[in-house]
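Report on the following structure.
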Amino acid sequence: MAQASGGDAQSEAMSSMMMPMLVLLLVMMVLMFVPGLRVIMADSAGLAIEPLLPFHELYFVPTVFIVGTSIMVVNTIIRSFFIDPIKQAHFSHRQRQVGKQLREAQMARDTARVEKMQRLQMEMMPENMAMQSAMMRPMMFTIVFIIAIFSWMASEVETFRVSFVSLPWLPMWSFNERIMWIFPAWIATYITMSAPFSRIIDRHLKILRYKSHPVVLAADPLPEPLLHLIKEEKPKSNSRERRSRMAQRRRDGPRKKGPQTESAKPKGGNTHTSAPRIGTTCPACSTDMISRSQSGRLRCDVCRHEWR
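Counting in the working numbering, the sequence shown runs from 510 upward without gaps.
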């Protein structure tokens with residue numbers, strides 16, 4: 510039943526993760542096979558951006574910085590409403606701890622522990638997929654606007670008054686020069702200028718949400734539903750097996766003991782349970798040479814007087 514429930518959870522997580530990916534793929538295919546749609550989207554974005562940035566024809570780098578930062582900030586704010594920061598931090602901490610335990614078990618060649626950690630990772634996979642799906646879900650709402658803005662920036666690059674920027678280490682850096690044979694230089698400019706600011710906004714939003722989160726305000730511990738997978742199971746002795754062992758022991762008789770030394774053999778006669786009390790004196794002759802007789806009475810070694 511546990512495996513069936515785990516399979517159902519994984520299938521649900523996969524289906525929830527596939528929906529944003531299918532939407533993004535569909536939008537990409539439509540834009541690829543309908544080039545005129547991209548031009549219409551670029552013109553629509555230009556109608557909204559150009560009045561707000563009147564210097565877009567003179568200063569390309571500040572334009573890219575402002576537009577890229579705006580995209581990142583809006584996307585970060587929208588994504589923060591779809592993801593619980595406490596749950597995300599808890600899941601990241603669990604993943605790091607499980608990975609650390611798995612590496613330690615592999616270095617120690619502890620196969621049982623390795624299997625437990627791998628099983629724990631498999632059980633955490635549906636939650637990981639659900640987290641990734643929640644991170645991709647905002648893109649279904651923002652992908653159209655992002656593509657429109659990027660199409661507008663690409664058209665501005667083609668019609669800009671110059672086709673390069675000057676860098677301290679490169680006097681002429683073309684906008685369309687490929688970086689690592691993948692994307693043009695103006696996209697690299699967009700990434701390097703907007704990503705750090707977006708990271709700062711994301712951190713501050715998380716701090717604000719941490720302070721006002723109900724779990725933090727209530728000081729409640731976070732539940733760990735998979736903790737039972739790593740607990741050590743103590744072997745339970747069967748009562749039937751225990752009775753059979755006792756019956757076998759009775760049939761075998763008393764256990765045989767090895768040869769005992771002279772000091773270990775029991776001695777006959779009365780043995781002293783305790784030595785004479787220190788400081789005791791004879792009531793007859795007041796001597797302190799006291800011993801104990803076989804009857805257990807105290808005896809004076811001088812006058813042979815006995816007493817208790």
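Glycine is no exception: its CB is placed at the ideal position from the N, C-alpha and C atoms.
Tell me the DSSP secondary structure of residue i in three-state form.
i, result
"V543", "coil"
"V811", "coil"
"I587", "helix"
"W816", "strand"
"S800", "strand"
"D552", "helix"
"R806", "coil"
"F564", "coil"
"P792", "coil"
"T780", "With a pLDDT of 48 at T780, under the threshold of 50, the modelled position of that residue is not reliable, and no figure is offered here."
"E559", "coil"
"P730", "coil"
"L714", "helix"
"I595", "helix"
"L533", "helix"
"L735", "coil"
Given that a residue counts as buried once 16 or more other Cβ atoms are within 10 Å of its Cβ, and exposed if not, what is residue i?
i, result
"H781", "With a pLDDT of 48 at H781, under the threshold of 50, the modelled position of that residue is not reliable, and the figure given next carries that caveat. Exposed, because fewer than 16 other Cβ atoms sit within 10 Å of the Cβ of H781."
"C794", "exposed"
"T701", "exposed"
"M527", "exposed"
"R646", "buried"
"H602", "exposed"
"W695", "buried"
"I716", "exposed"
"W661", "buried"
"Y699", "buried"
"R547", "buried"
"I691", "exposed"
"T790", "exposed"
"E667", "exposed"
"M798", "exposed"
"E566", "exposed"
"K625", "buried"
Just the Cα atoms here: how many angstroms apart are residue i and residue j?
i, j, result
"E815", "C809", "6 angstroms"
"L731", "D593", "13 angstroms"
"A756", "R618", "41 angstroms"
"R612", "P571", "47 angstroms"
"F574", "S703", "6 angstroms"
"I658", "Q597", "30 angstroms"
"L736", "Q641", "23 angstroms"
"H599", "F591", "16 angstroms"
"A550", "L562", "One point to set straight first is that residue 550 is Met, not Ala, in the sequence displayed. Rounded to the nearest angstrom, the two C-alpha atoms are 18 angstroms apart."
"Y719", "L726", "9 angstroms"
"F569", "M644", "31 angstroms"
"T585", "T620", "42 angstroms"
"A614", "D552", "58 angstroms"
"L807", "R813", "10 angstroms"
"L531", "P723", "34 angstroms"
Starting from residue i, trace the alpha helix (DSSP H) both ways and give me its first and last residue.
i, result
"L679", "Run containing L679: none in the alpha helix (DSSP H); it sits in the beta strand (DSSP E), L679 to S683."
"L726", "P723 to A727"
Return the chain-ordered ranges of every alpha helix (DSSP H) run that is complete within the region 614-693 and spans a minimum of 4 residues.
-> 620-645 and 648-668
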